[in-house]
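Per the numbering used here, residue 664 is the first one in the sequence shown, and the count goes up by one each step.
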Amino acid sequence: MNPARLTHPLKLGTKAEVITRAVPEEVPVAIVCNGTSVGVMMATPTDLADFALGFCISEGIIDDKGEIESLDIVEHGEGIELRLWIEPSKADRLLARRRRAAGPTGCGLCGIESLQEASRALPAVLHEDLAVDASLLRQAVQLLRGEQHLNGLTHAVHAAASWSPERGFGMVREDVGRHNALDKLIGAMLTGDQQPAILLLTSRVSIELIQKAAIAGFGLIAAVSVPTALAVRTAEACNITLIGVARDDGFEVFTCGHRVRADRGGGFHGRAGLRPEWGNT
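The structure is reproduced here in structure tokens:
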């Protein structure tokens, strides 16, 4: 299925004219494990195998990609079904905390049935050897635009990208849903045996994205928007460096700033409010 469709809206400005506009597709994608419906998410119909794997990992349905025995992608007239067969022991876990609600675009906790599930235990990320120069991180944020091919056409989708100072961009995944984009990236990295380090997001950061990033093992997250207060607290508890308001000219470091090195000879440029007690030099 094509991820974008051409439309011809009427543009009203100083004059009225019919223009051509590419808009992203958005379809219901059902995830079914061992015959049990896990959930329905509104998503961009690309990289669906990555989405299935990343979703199952980040939602705690499975712990390893090898626990998926098979995957069939079945297109229906009304949407797409991802039929997975997973190890029986994992299927039992799924039945214990099954999701019953359909999730709209951007929904990360839809169908969770208790406060305990929403506040699940998360691992503390290590990556104590991870360090990045502020100037390189700013450059990565700038270059990410060129990696967003679907967004370049539509200006209407989110991106999640893996990046490292040594190798540059690893993988980039896009979707109308920010949680979907991250799940697709997690799945792609697992399939390609890539190790997580730095995560770049074009969306705001709420707790669901921190949860997914922690389970995947990312040590640093840089996003274009301001995070929520709960996202900040959760990132701190997980030992994740959380950066927000990431722009070409600077960014704001909210947690674990020891992984960010200030620019030599002039400190940080733009907005980079490091706390003095973090001891960055």
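Beta carbons are placed, not taken as given, at the ideal position from N, Cα and C, and that holds for glycine.
Just so you know, these numbers come straight off a predicted model, no measurement behind them.
For T641, count neighbouring Cβ atoms within 10 angstroms of its own Cβ and tell me buried if that reaches 16, exposed if not. Missing from the structure shown is residue 641; the chain here goes from 664 to 944 and no further.
Around the Cβ of P890, are there at least 16 other Cβ atoms within 10 angstroms (buried) or fewer (exposed)? P890 is buried by the Cβ-count criterion.
Does DSSP put H739 in a helix, in a strand, or in coil? Residue state for H739 is assigned as coil, using DSSP reduced to three classes.
Counting only the same chain and skipping the five closest in sequence on each side, list residues whose C-beta sits under 8 Å from that of I725. Leaving aside the five residues that flank I725 on each side, the residues in its chain whose CB is nearer than 8 Å to its CB run, in chain order, C719, I731, I749, E750 and K753.
Leaving out five residues before and five after H790 in sequence, what residues of the same chain have Cβ atoms less than 6 Å from its Cβ? Counting only Cβ-Cβ distances below 6 Å, and skipping sequence neighbours, we find G882.
Can you look up A892 in the DSSP assignment and give me helix, strand or coil? In this structure, DSSP gives A892 a helical state, which the three-state scheme calls helix.
With distances taken from CA atoms, which of L864, G855, A860 and N843 is nearest E810? Restricting attention to L864, G855, A860 and N843, the CA atom closest to the CA of E810 is found in L864.
Based on DSSP bridge pairs, tell me the residues matched to L863. For L863, the pairing in a beta bridge is given by DSSP as A824 and A885.
Is the separation between the beta-carbon of I906 and that of A885 shorter than 8 Å? Contact: yes.
Per DSSP, E744 forms a beta bridge with which residues? Bridge partners of E744: A693 and V737.
Three Cβ pairs or more, each shorter than 8 Å: is that satisfied between the stretch 735 to 744 and the stretch 674 to 692? With contact defined as three or more Cβ pairs closer than 8 Å, the stretch 735 to 744 and the stretch 674 to 692 are in contact.
Please list the terminal residues of the continuous beta strand (DSSP E) segment that includes S700. Where S700 is concerned, the enclosing beta strand (DSSP E) starts and stops at T699 to A706.
What residue range does the alpha helix (DSSP H) around V804 cover? Start and end: A797 to E810.
Please check the pair G833 and S825, which I expect to be a contact at CB under 8 Å, by giving their CB distance rounded to whole angstroms. With 8 Å as the limit, G833 and S825 qualify as a contact, their Cβ atoms being about 4 Å apart.
Cutting at 8 Å between CB atoms, please list the residues of its own chain near L853, excluding the five before and the five after it. If the five residues before and after L853 are omitted, its C-beta is found closer than 8 Å to the C-beta atoms of L716, G717, I720 and K728, all from its own chain and listed in chain order.
On a Cα-Cα basis, can you pick out the residue from G676, I903, D926 and A819 that is closest to C919? Per the Cα distances, I903.
Where does P786 fall in DSSP's three states? It is coil, neither helix nor strand.
Can the beta-carbon of L757 be found closer than 8 Å to that of V701? In this structure, V701 lies closer than 8 Å to L757 by Cβ.
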